[in-house]
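In numbering that gives the first Met the number 0, the protein residues as written are 0 to 371.
Built from N, CA and C at the ideal position, the CB exists for glycine as well.
A quick note: this is a predicted structure, and the numbers were derived from the prediction, not measured.
One structure is given here, and the rest of the page talks about it.
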Amino acid sequence: MNRSLDALIQRDCNNFGVVRLFAATAVIVSHAFILSRRSELADPLASLTSFSLGGHAVNAFFLLSGFLIAASWDRQPNLIHFLCGRYLRIFPALIVVTITTIAIAAVAQNQLSLQAFLTSWETISLFLRAVVALDGGGTLPGIFVENPDERYVLATVWTIRYEVICYLTIPLVSALGIYFGGSKKIVGVILALSAIVLIIRSNQNAGLLVDHFARFFFAFYIGVASWMFRKHLSVSFLRTAFAISASFLLLGTPVSPVTEILAVACLTFWIGSVDFGWFGKLTNREDLSYGIYLLGFPIQQMWLVLWSGPYPVLMNVILTLLTVSPLAFLSWRLIERPALNHRSSLQKLLVSMQRKAVGDVASGMNFNRSSH
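If you want it as structure tokens, here you go:
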């Protein structure tokens, strides 16, 4: 059965919560292979496709974000409202997760006193890198030192930096569209340039800044374009199967990164259109994906420390999901959802501050005129 993308925008008509949960779980599975087998190539898709399993999952996050963020801006193109919503969705949970991770590590380690641990440059640097620079790199004193990926405590945070940048381009694209014949043309240029970079760089080291920007911009703006043309696009199992099959046939070719992201886009929207019954309604109401995405890797690292002997991939995934799910639920109920509910309050505060600042400037100008 075909379903129009336009029909999926209503919360009760889609299962995007399931998509996000699947994507967050896929990131954990991908990291489980890397940590258990101590190699980035251990991921089942890393040596076969342009991206690892976790990489494809992150692409799905960006695709869905592009679609939903474009819809949000289309409904209410107010910059303050837009920025408040994006800030409250990302930063409160990120700050609390970072502080909680540091606090647990401080209690768990036995190399330094509590004061020495909390005031060490490693600890301070990790906090600043996570919540200011949105960088997942950084270590904590004496934590995960025996693990294969000890350099990263909050490994997934680095992608949030690119997501924030993508968010900020939406108002810019909207403004540029006024002067250049519409936003659709700007989006088309972004997609074309991103695709060209992905194709040119397909057989080279894909870890450079330009590669990350091309990949994430292409995925995000495929989502944006899907929103723009939602009335003309539909999803079905057959079309999704065809897109995935075509991407497999093109594996190893220069266009492979592009076709894989397009296939993931088809899969993302198709899963979002499938009726998952009560599970779909639950995941739309209780969105654990962000908490799982942030907390998954440090918890996987913790279980790797506690586990003695060979560490099976499946055991890593099971233990991590059993541990991270209730924590992600608490994050959603106590931090993320309450923060989003205060968006109007933050918006009013910022508008009030803006008006006061404008008033102060106007008063200053009047004072200067009167003094002459």
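Backbone secondary structure at residue i - three-state DSSP
i	result
S233	strand
S124	helix
S46	coil
R88	helix
R2	strand
Contacts around residue i, its chain only, beta-carbon distance under 6 Å, and the 5 residues preceding and following it disregarded
i	result
F296	H30, A154 and T155
F60	A22
V257	A194 and L197
A224	V186
A56	A22, A25 and V26
V318	Strictly speaking, residue 318 in this sequence is Leu, with Val absent from that position. Result list for L318: W302, in chain order.
N312	In the sequence on display, residue 312 carries Val and not Asn. A31, F32 and S35, listed in sequence order.
I8	A70
L87	A338, L339 and R342
Range covered by the alpha helix (DSSP H) that runs through residue i
i	result
R336	R336 to N340
Q114	L113 to T118
T138	No alpha helix (DSSP H) holds T138; DSSP gives it neither H nor E.
V263	S255 to S272
N14	Taken as a continuous stretch (DSSP letters only), N14 belongs to no alpha helix (DSSP H), as it is neither H nor E.
S173	W157 to Y178
S330	V312 to S330
R214	L208 to M227
I195	S182 to I199
T282	W277 to R284
R74	L52 to R74
Length of the line joining the Cα atoms of residue i and residue j
i	j	result
H80	W72	9 Å
V209	F66	23 Å
P253	H231	29 Å
I408	F236	A query on residue 408 cannot be resolved here, the shown segment of the chain reaching from 0 to 371 and no further.
G181	A327	40 Å
W306	N146	11 Å
R150	G137	6 Å
S272	G279	10 Å
A105	S112	9 Å
L171	I177	10 Å
Residues near residue i in its chain [Cβ-Cβ closer than 7 Å; skip 5 each side]
i	result
N315	A31, L34, S35, Q299 and W302
V28	L52 and V316
L266	T239 and I243
Y310	S35 and L303
Contacting residues, own chain, Cβ-Cβ under 8 Å from residue i (five flanking each side not counted)
i	result
I270	N14, V17, V18 and F21
A92	Y289, G290, L293, S330, I334, E335 and A338
Nearest-angstrom beta carbon gap, residue j and residue i [assumed within contact, 8 Å]
i	j	result
L261	A242	6 Å
R229	D5	4 Å
T97	F126	6 Å
L175	F217	Between F217 and L175 the Cβ distance is about 18 Å, and since that is not below 8 Å, they are no contact.
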